[in-house]
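Enquirer:
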Amino acid sequence: MTLHEKLLELIANTASHLPADATAALEEAASREEAGSAAEMILRTLLANAALAAASRTPMCQDTGTLTFFVPHALRGAVTPEAIAAAVREATAKGLLRRNTIDSATGRSYDDNTAPGAPVIHYTDSSTRTIRLLMKGGGSENMSTQFSLPDATIAAGRDLEGVRRAILHAVHRAQGYGCAPGILGVCIGGDRATGYECAKLQLLRDLADRNPDAALAALEERTLAEANTLGIGPMGLGGRTSLLGVKIAARPRVPASFFVTCAYLCWAARRGSIEI
Amino acid sequence: MTATKAIHLAYPFTEEAVRALHAGEQVLVSGKVFTGRDRFHKHFADGGALPFDFRDAALFHCGPVVVQEGAKWRVVAAGPTTSVRENPYEPAFIAASGVRLIIGKGGMDKATLDACARHGAVYLQAVGGAAALTAQTVRRVVDVKFLEEWGAAEACWQFEMHEFPCVVAMDAHGGDLFAAVRERSAKTLANLLSFN
Ligand code: SF4
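Residue numbers (the numbering used here), protein chains in the order written: chain Y, 1 to 276; chain L, 277 to 472.
1) With N13/Y and A408/L assumed to form a contact (beta carbons below 8 Å), what rounded beta-carbon distance in angstroms separates them?
2) In angstroms with no decimal places, state the Cα-to-Cα distance between A166/Y and H319/L.
3) Please go through the stretch 301 to 345 of chain L and give each complete alpha helix (DSSP H) segment of 4 or more residues, from N-terminal end onward.
4) Just mark E275/Y as buried or exposed, buried being the case when its beta carbon has 16 or more other beta carbons within 10 Å.
5) Do we get a CB-CB distance below 8 Å when we pair R57/Y with the residues of chain L?
6) Shorter than 7 Å, the distance from the beta carbon of D390/L to the closest heavy atom of the ligand SF4, or not?
7) Taking only three categories from DSSP, how would you classify E436/L?
8) Excluding sequence positions up to five away, which residues of its chain have a Cβ less than 7 Å from the Cβ of H395/L?
9) Would you say R132/Y and R271/Y are within 8 Å of each other, going by their C-beta atoms?
10) Going along the chain, which residues of its own chain have a beta-carbon closer than 6 Å to the beta-carbon of T68/Y, five neighbours each way excluded?
11) Within 10 Å of its beta-carbon, does I102/Y have 16 or more other beta-carbons around it, so buried, or fewer, so exposed?
12) Who are the neighbours of K281/L on chain Y, taking C-beta pairs under 7 Å?
13) Between N13/Y and chain L, is there a C-beta pair that is closer than 8 Å?
14) Got a sec, what are the start and stop residues for the alpha helix (DSSP H) I121/Y sits in?
15) Pairing CB atoms from the stretch 450 to 458 of chain L with CB atoms from the stretch 309 to 325 of chain L, are three or more of them under 8 Å?
16) How is the beta strand (DSSP E) around M135/Y delimited, first residue to last?
17) Taking the beta strand (DSSP E) that E275/Y falls in, what are its first and last residues?
18) Kindly examine the ligand SF4 and report whether one of its heavy atoms sits closer than 7 Å to the Cβ of G139/Y.
19) Relative to chain Y, which residues along the stretch 296 to 326 of chain L have a C-beta separation below 7 Å, given in chain order?
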């Protein structure tokens with residue numbers, strides 16, 4: 001396979017295949033809901049939709065989202081922005097991606113989904129030869145949020161209890177939007193920009209992994225369990241599953257700032273990878 | 277939420293059948309479904325003529341991906357789009373058109389809920405993002421209006437659908453599932469976060 005074919009394969013797979021851990025989490029959620037309930041029906045519909053999309057290699061959701069590529073530095077010479085853009089163009093022409101890129105100043109469509117700044121490419125210091133791709137829909141991106149602690153409106157101070165309160169408020173605010181059940185990537189600290197970057201990176205983690213930091217691992221477990229008692233349910237119509245996972249990381253901050261950034265990813269957790 | 281089996285709704289969706297529905301019930305919609313989103317509602321609000329007879333039919337907030345194959349159209353993806361944007365127009369549209377089912381995502385406002393009660397209509401939540409599966413429930417593309425002017429995603433399509441799965445989110449008796457869930461979750465959140 002040429003590099004171009006590999007990149008095209010990565011896009012096609014990511015758009016049409018729900019990752020195994022997300023599928024397993026949705027299946028577990030479906031079995032947790034009351035038999036015959038609307039919540040169960042919605043989760044089964046999502047699973048059937050994902051199976052159908054994978055079998056037919058068609059996008060599982062019509063919003064094929066923002067494409068963010070994570071490329072190890074060592075591959076930078078070959079996997080250039082131009083090489084990635086060429087693959088995106090072809091994927092768009094083939095109907096694997098919706099025309100989904102708009103010039104923010106003029107309102108015009110970039111019909112081939114490429115423009116300065118689109119797709120988004122991060123060159124990372126990973127030592128692997130694995131390129132990763134995250135496709136994140138607009139409805140879910142709209143639900144991402146950033147708190148600056150202390151925040152009196154949610155009675156959140158500058159400690160892990162404050163972080164917990166911010167997380168639960170973020171889940172509560174997202175209800176009815178962003179196609180629940182979703183995944184929450186959280187960054188404690190950083191600045192406003194690195195906070196979002198780090199929170200988004202947490203969305204790439206396997207849902208079944210365990211945070212090596214014991215305090216953060218405990219907070220992940222606790223907030224996930226608590227979020228699922230809110231009764232928001234699939235699509236916000238009620239039920240036992242509001243979230244599939246919470247993944248938290250911490251970054252250094254300056255004394256004056258304490259951000260808690262929550263990146264929300266809908267059930268269509270399209271993250272893919274390919275070896276180069 | 278009570279465990280129920282899905283109720284089959286087939287066109288024509290009568291006032292009687294629609295008034296018998298309650299928030300939280302699962303339905304399978306078959307028959308005449310029109311798509312219409314922002315451009316369509318704007319057109320209606322500006323006094324434009326309705327392109328089809330919506331009486332006893334369904335309006336779906338959806339911007340489908342449709343491909344032409346010879347003389348025929350095939351729907352590739354057809355998930356619901358967020359409905360709140362149509363709040364300002366929907367009560368008048370329900371009153372003028374005789375539509376019985378509004379299908380979308382995320383629910384609508386009190387004015388639309390009131391219009392549903394007054395005119396005998398319901399708001400159905402489709403499964404967000406389930407575009408591949410929803411596309412499969414479109415048996416046939418019957419007609420399309422405003423395709424050149426508005427493009428495929430905004431055009432007004434007439435679909436013949438078969439067992440399109442939805443949940444009654446707002447019924448004709450003032451029942452609003454989103455509001456009920458929101459109220460309950462707010463209480464639970466307050467309990468979780470209370471300092472005592
Ligand atoms: S929030 Fe996710 S599943 Fe829902 S429409 Fe957007 S991309 Fe699709």
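No residue lacks a Cβ here, since even glycine has one placed at the ideal position from N, Cα and C.
These numbers were taken from a predicted model, which means no experiment stands behind them.
Expert: On the basis of the supplied data:
1) The C-beta separation of N13/Y from A408/L comes to about 15 Å, leaving the pair out of contact by the 8 Å criterion.
2) About 42 Å.
3) Within the stretch 301 to 345 of chain L, the complete alpha helix (DSSP H) runs of at least 4 residues are 314 to 321.
4) Under this definition E275/Y is an exposed residue.
5) Chain L, which has no Cβ nearer than 8 Å to the Cβ of R57/Y, makes this no.
6) No.
7) DSSP places E436/L in the strand class (E or B) of the three-state scheme.
8) Counting only Cβ-Cβ distances below 7 Å, and skipping sequence neighbours, we find I370 and A371.
9) It is a contact, given that the beta carbons lie within the stated cut-off.
10) Answer for T68/Y: V120 and L134, listed in chain order.
11) Counting Cβ neighbours within 10 Å, I102/Y comes out exposed, since fewer than 16 surround it.
12) Per Cβ cutoff of 7 Å: G36.
13) Between N13/Y and chain L, the shortest Cβ-Cβ separation is not below 8 Å.
14) Membership of I121/Y in any alpha helix (DSSP H) is not indicated; the residue belongs instead to the beta strand (DSSP E) covering V120 to T124.
15) No contact exists between the stretch 450 to 458 of chain L and the stretch 309 to 325 of chain L.
16) Its beta strand (DSSP E) spans residues T130 to K136.
17) Its beta strand (DSSP E) spans residues R270 to E275.
18) Yes - the ligand SF4 has a heavy atom lying nearer than 7 Å to the Cβ of G139/Y.
19) Those residues of the stretch 296 to 326 of chain L placed with their C-beta closer than 7 Å to a C-beta in chain Y are G300 and Q302, ordered along the chain.
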